[in-house]
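To start, the structure under review is shown below, and the notes come after it.
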Amino acid sequence: MLRSVILAASRSSQVERLVATAPLTRDVVRRFVAGTGTDDALRATRELVADGLRVTLDNLGEDTVTAEQATATRDEYLALLRALDAAGLAPAAEVSVKLSALGQRFDERLAYDNARAICVAADEAGTTVTLDMEDHTTTDSTLDTLVKLRKDHPSTGAVLQAYLRRTESDCRELAGAGSRVRLCKGAYAEPESVAYQSAREVDKSYVRCLNVLMSGAGYPMLATHDPRLIAIGEDRARWFDRGPDEFEFQMLYGIRPEEQARLAGEGYTVRTYLPYGEDWYGYLMRRLAERPANLVFFGRALASK
Ligand code: FDA
């Protein structure tokens with residue numbers, strides 16, 4: 001219930017104005033977001049890489065409504081990739097891209113062209129691109145774009161969301177050699193017709209999907225902070241004899257950093273999803289919705305002001 005309310009608020013410009021101007025917000029945002037500019041992103045990337053982690057960078061923003069905004073987002077990614085390359089961080093750091101930030105909602109062709117330009121820049125920098133997955137109305141379009149991008153840029157990855165009923169079947173489609181799939185639970189408010197609603201059903205679906213990916217020939221990226229699912233991932237890695245360069249764990253910046261360090265210390269490949277940029281509102285609200293305890297953190301920051 002609380003989750004649905006917060007997710008509904010994540011689409012409200014009125015609530016956005018309230019949250020963005022609240023004095024506490026900067027402290028809370030800082031926990032989950034590297035900063036606003038490319039320099040902040042590079043600094044945080046350097047620190048994470050020095051700690052033995054890999055990184056995927058997300059230039060925050062979604063649901064752009066004009067071609068100019070979409071092109072500006074593309075250009076920010078191109079600049080970021082050049083900067084990562086120049087700093088020698090590109091092999092350890094890749095980028096995550098939301099197609100809605102590149103124009104998907106109003107011009108799928110434009111979003112594809114923008115994503116392709118980012119893939120070309122990633123190739124030049126010697127790194128990869130992963131397409132984030134947004135709400136279910138975009139799943140087909142995102143997977144179609146993935147197929148097209150992979151023709152020239154086969155290392156392009158995609159996110160699949162275990163809460164969607166279709167995802168086990170999508171995992172089978174994408175479990176082939178060379179395919180990179182980031183498996184997460186899913187962060188949007190979705191109707192029962194397309195998505196499992198209970199945590200138990202979502203977790204069971206996650207395990208089924210994980211089994212498909214870990215037993216397949218692709219490169220699974222297990223994106224979760226859930227201790228039980230991480231333990232199952234470790235178990236399947238042993239069972240299917242996958243070494244540290246044959247799959248990876250992924251977690252969000254600021255969430256369970258000690259667990260990220262533990263897994264990296266045990267020799268697993270661990271990648272931190274690192275968001276940066278001005279447009280943090282939707283991202284922050286989804287993080288709050290995932291864990292109501294974060295609202296307490298939010299409240300404490302307010303009380304300390
Ligand atoms: P769950 O929510 O059950 O959390 C398990 C435990 O992790 C909690 O008990 C808590 O300890 C900790 N935890 C989880 N979330 C926390 C939070 N916000 N704050 C503090 N602690 C928290 N979703 C999507 O729809 N599309 C996408 O493209 C992506 N991309 C993506 C990339 C990566 C690398 C990750 C890790 C996640 C995503 N997600 C996503 C988000 C994902 O769908 C999901 O909402 C979150 O990862 C939370 O789910 P968990 O699997 O962590 O389990």
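For the sequence shown, full-length UniProt numbering assigns the number 1 to the initial residue and increments by one for each residue that follows. Backbone N, C-alpha and C define an ideal beta-carbon position, used for all residues, glycine too. Predicted model, so just to flag it, every value in this text is computed and none were measured.
Chain-order list of residues whose beta-carbon lies under 6 Å from that of residue i (same chain, five-residue window excluded)
i, result
"Arg271", "Arg54, Thr56, Glu248 and Gln250"
"Tyr283", "Leu60 and Pro275"
"Ala90", "Leu84, Ala125, Gly126 and Thr127"
"Ala50", "none"
"Gly216", "Ala175"
"Glu234", "none"
"residue 306", "One cannot answer for residue 306 here, as it falls past the ends of the chain, which runs 1 to 305."
"Arg3", "Ala289"
"Leu48", "Val55 and Thr272"
"Gly186", "Gln161 and Tyr163"
"Thr45", "Val55, Leu89 and Ala93"
"His153", "Cys119"
Cβ neighbours of residue i in the same chain (closer than 7 Å, five flanking residues each side left out)
i, result
"Tyr196", "Tyr163, Arg165, Val202 and Ser205"
"Glu76", "Asn59"
"residue 311", "The question about residue 311 has no answer here: the residues shown for the chain are numbered 1 through 305."
"Gly277", "Thr36, Asn59, Leu60 and Gly61"
"Thr167", "Leu160, Gln161, Ser205 and Cys209"
"Leu80", "Thr38, Ala41, Leu57, Asn59 and Val95"
"Asn294", "Arg287 and Leu288"
"residue 383", "Outside the displayed range of the chain (1 to 305) lies residue 383, so it cannot be described from this structure."
"Ser155", "Thr128 and Arg180"
"Arg172", "Val212"
Per DSSP, the bridge partner or partners of residue i
i, result
"Thr38", "Thr38 is not bridged to any residue."
"Thr130", "Ser96 and Gly157"
"Gln104", "Answer is none; Gln104 lacks a bridge partner."
"Val55", "Ala93 and Thr272"
"Met221", "Arg182 and Glu248"
Local Cβ density within 10 Å of residue i, reported as buried at 16 or more and exposed below that
i, result
"Trp280", "buried"
"Arg180", "buried"
"Arg1", "With the sequence shown as reference, residue 1 is identified as Met, and Arg is not the correct amino acid for it. Answer is exposed; the Cβ neighbour count stays below 16."
"Thr130", "buried"
"Glu124", "exposed"
"Ser13", "exposed"
"Ser100", "buried"
"Arg236", "buried"
"Gly176", "exposed"
"Thr66", "exposed"
"Pro220", "buried"
"Asp132", "buried"
"Lys98", "buried"
"Ala223", "buried"
"Ala231", "exposed"
"Val5", "exposed"
"Ala41", "buried"
"Arg116", "buried"
"Arg74", "buried"
"residue 319", "Here the chain covers residues 1 to 305 and nothing more, so residue 319 does not appear."
"Lys151", "exposed"
"Glu68", "exposed"
"Ser10", "buried"
"Gly157", "buried"
"Arg291", "exposed"
"Arg200", "exposed"
"Ala87", "exposed"
"Gly265", "exposed"
"Glu134", "buried"
"Gly218", "buried"
Nonlocal neighbours in the same chain, by C-beta distance under 8 Å from residue i, ignoring five residues either side
i, result
"Ser169", "none"
"Glu259", "His225, Pro227, Ile230 and Met251"
"Leu78", "Ala117, Ile118 and Ala121"
"Ala8", "Ala189"
"Leu263", "Ile230, Phe249 and Val270"
Fill in: Length at least 4, wholly inside the stretch 138-210: the alpha helix (DSSP H) runs in chain order
139-152 and 167-173
Practice prompt. Decide if the stretch 105-123 is in contact with the stretch 134-149; the criterion is three or more beta carbon pairs, one per stretch, under 8 Å apart.
Written response: yes
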